[in-house]
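Novice: Take 20 as the starting number for the sequence shown in the working numbering and just add one per residue. The structure is given below, and queries will be raised subsequently.
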Amino acid sequence: MQYRTFGRTGWQVSEIGYGMWGLAGWTGSEREEVDQALDRSVELGCNFFDTAWGYGEGLSERILGDLLQRYSDKRLYVATKIPPKNRKWPSKPEFALKDVFPADYIVEYTEKSLKNLGVETIDLQQFHVWEDGWADNDEWKEAITKLTREGKVQAWGISVNRWEPDNCLNTLRTNLIDAVQVIYNIFDQAPEDNLFPLCRELNIGVIARVPFDEGTLTGTLTKESTFPADDWRSTYFVPENLNSSIDHADALKPLIPAGMTLPEMALRFILENPDVATTIPGMRKLRNVEANMAASDGNGLSTELVSELKGHRWDRTPTEWSQ
Numbered sequence: 020m021q022y023r024t025f026g027r028t029g030w031q032v033s034e035i036g037y038g039m040w041g042l043a044g045w046t047g048s049e050r051e052e053v054d055q056a057l058d059r060s061v062e063l064g065c066n067f068f069d070t071a072w073g074y075g076e077g078l079s080e081r082i083l084g085d086l087l088q089r090y091s092d093k094r095l096y097v098a099t100k101i102p103p104k105n106r107k108w109p110s111k112p113e114f115a116l117k118d119v120f121p122a123d124y125i126v127e128y129t130e131k132s133l134k135n136l137g138v139e140t141i142d143l144q145q146f147h148v149w150e151d152g153w154a155d156n157d158e159w160k161e162a163i164t165k166l167t168r169e170g171k172v173q174a175w176g177i178s179v180n181r182w183e184p185d186n187c188l189n190t191l192r193t194n195l196i197d198a199v200q201v202i203y204n205i206f207d208q209a210p211e212d213n214l215f216p217l218c219r220e221l222n223i224g225v226i227a228r229v230p231f232d233e234g235t236l237t238g239t240l241t242k243e244s245t246f247p248a249d250d251w252r253s254t255y256f257v258p259e260n261l262n263s264s265i266d267h268a269d270a271l272k273p274l275i276p277a278g279m280t281l282p283e284m285a286l287r288f289i290l291e292n293p294d295v296a297t298t299i300p301g302m303r304k305l306r307n308v309e310a311n312m313a314a315s316d317g318n319g320l321s322t323e324l325v326s327e328l329k330g331h332r333w334d335r336t337p338t339e340w341s342q
């Protein structure tokens, strides 16, 4: 496992982290299997875990808390998120901060996360949605300053809405945010335009989420794929999205080097960018943990392949199904 400096925090984090959305609230998650996968990730050098209160209303946080107990001798970094008070993902420009992240609510949910995780301080507390129009509102600033001063949070981050990487730039310039979590993968390269250069300038840690484009870049989906009604992907992969996604993924298959898989190539593409501190694939199976962690071996893709993959950028805009 290779490690990278997480912005101004100075933390040395594994460049392959662990996205824990899939461990609560999705179908097919069995606790014993989940714990085995998490244990294996630690054995393979993973030390960065991203969860949220919204993943199973605290269940994912509690699963991570148990992991911290099992490996109390290791330095594992914990990132979690405050859910929007109005429970709407993503946020919209017309939403008022007082309805999404009022000060007392920021404090309340930080306390809930501390309890779920069984820790006295959260390494990285993030806002699970964001609108850059809130940048100059003092309410969130006062709340996070208070929690930092009390030692309950070490660093603060923003999880940017899907396909809106610039919807946080003014907020980052307040110098109160230490990290940004954004969708970045072979298709979603828009963060390279404005967000990554600003993060570089301000020394803000970048977490690349959705490295496999919600499964498209695993190569396992087909145009006939279906999901249970209570699985989030059933509303995301509507026919217009599924068909187009499969076409874009199929166009990549001739580029996969011998001995490599599509998901490995997808991870290695992300790791080619030095602006990324860590990427957080979701992993529920032991075999996926082992395959994904193996992508962090210090061996990059060829310059020619990276250049070809850059040509597969797919700019999309938010729609009613893209939450």
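Note that the Cβ used here is the ideal one computed from N, Cα and C, for glycine as well. Remember, it's a predicted structure, so these values are computed and weren't measured experimentally.
According to the neighbour-count rule (16 or more other Cβ atoms, all chains shown, within 10 Å of its Cβ), is residue 334 buried or exposed?
Specialist: Numbered from its first residue, the sequence shown carries residue 334 at position 315. Exposed, because fewer than 16 other Cβ atoms sit within 10 Å of the Cβ of residue 334.
Novice: In angstroms with no decimal places, state the Cα-to-Cα distance between residue 273 and residue 326.
Specialist: Reading the sequence shown from its first residue, position 254 is the one you call residue 273. Reading the sequence shown from its first residue, position 307 is the one you call residue 326. Each residue's alpha carbon lies about 15 Å from the other.
Novice: Tell me the rounded alpha-carbon separation between residue 216 and residue 69.
Specialist: As a working note, residue 216 is residue 197 in the sequence shown. As a working note, residue 69 is residue 50 in the sequence shown. Rounded to the nearest angstrom, the two C-alpha atoms are 23 Å apart.
Novice: Could I get the ranges of all uninterrupted beta strand (DSSP E) runs contained in the region 154-226, with 3 residues as the minimum, in chain order?
Specialist: You should have 172-178 and 198-202.
Novice: How many angstroms separate the CA atom of residue 277 from the CA atom of residue 142?
Specialist: In the sequence shown, the residue the question calls residue 277 occupies position 258. In the sequence shown, the residue the question calls residue 142 occupies position 123. Their Cα atoms are separated by approximately 40 Å.
Novice: Nearest CA to the CA of residue 184: which residue from 169, 163 and 212?
Specialist: Working through the sequence shown from its first residue, we reach residue 184 at position 165. Checking every option, the nearest Cα to that of residue 184 belongs to 212.
Novice: Within 8 Å, do at least three Cβ pairs link the region 276-290 to the region 221-240?
Specialist: They touch, by the three-pair rule.
Novice: What are the uninterrupted segments assigned as alpha helix (DSSP H) that are 4 or more residues long and contained completely in the region 71-158, given in chain order?
Specialist: Counting only runs of 4 or more, we get 78-89, 116-119 and 122-136.
Novice: Between the region 142-154 and the region 114-124, do three or more beta carbon pairs fall short of 8 Å?
Specialist: The region 142-154 vs the region 114-124: in contact.
Novice: Where residue 203 and residue 53 are concerned, what is the direct C-alpha to C-alpha distance, given to the nearest angstrom?
Specialist: Position 184 of the sequence shown, counting from 1, holds the residue named residue 203. Position 34 of the sequence shown, counting from 1, holds the residue named residue 53. Their backbone Cα atoms lie some 25 Å apart in a straight line.
Novice: Between which two residues does the alpha helix (DSSP H) harbouring residue 61 extend?
Specialist: Locating residue 61 in the sequence shown gives position 42, counting from the first residue. Segment 50-62, the alpha helix (DSSP H) holding residue 61.
Novice: Please determine, among 31, 193 and 152, the residue with the shortest C-alpha to C-alpha distance to residue 164.
Specialist: Taking the first residue of the sequence shown as position 1, residue 164 is located at position 145. Closest option to residue 164, Cα to Cα, is 193.
Novice: Check residue 32 in the structure and name its three-state DSSP category.
Specialist: Here the question's residue 32 lines up with position 13 in the sequence shown. Strand, per DSSP.
Novice: Taking residue 64 as the reference, give the member of 309, 289, 26 and 198 with the closest Cα.
Specialist: One-based indexing of the sequence shown puts residue 64 at position 45. Minimum Cα distance to residue 64 is reached at 309.
Novice: Measuring alpha carbon to alpha carbon, tell me which of 35, 332 and 60 ends up nearest residue 209.
Specialist: For this step, residue 209 is matched to residue 190 along the sequence shown. Closest by alpha carbon: 332.
Novice: What did DSSP end up calling residue 319 once you bin it into helix, strand or coil?
Specialist: The residue labelled residue 319 in the question sits at position 300 within the sequence shown. In the structure shown, residue 319 sits in coil (DSSP, three-state: anything other than H, G, I, E or B).
Novice: Can you find the residues in the same chain that come closer than 6 Å, C-beta to C-beta, to residue 205, ignoring five residues on each side of it along the sequence?
Specialist: Translated into positions along the sequence shown, residue 205 becomes position 186. Contacts found: 285, 288, 328 and 331.
Novice: Do residue 235 and residue 5 count as a contact pair if the criterion is CB distance below 7 Å?
Specialist: There is simply no residue 5 to check, as the chain begins at 20 and stops at 342 in what is shown.
Novice: From which residue to which residue does the beta strand (DSSP E) around residue 69 run?
Specialist: Position 50 of the sequence shown, counted from the start, is the residue given in the question as residue 69. Element bounds for residue 69: 67-69.
Novice: Using a 10 Å radius around the Cβ and a threshold of 16 neighbouring Cβ atoms, would you call residue 172 buried or exposed?
Specialist: Position 153 of the sequence shown, counted from the start, is the residue given in the question as residue 172. Flag for residue 172 reads buried.
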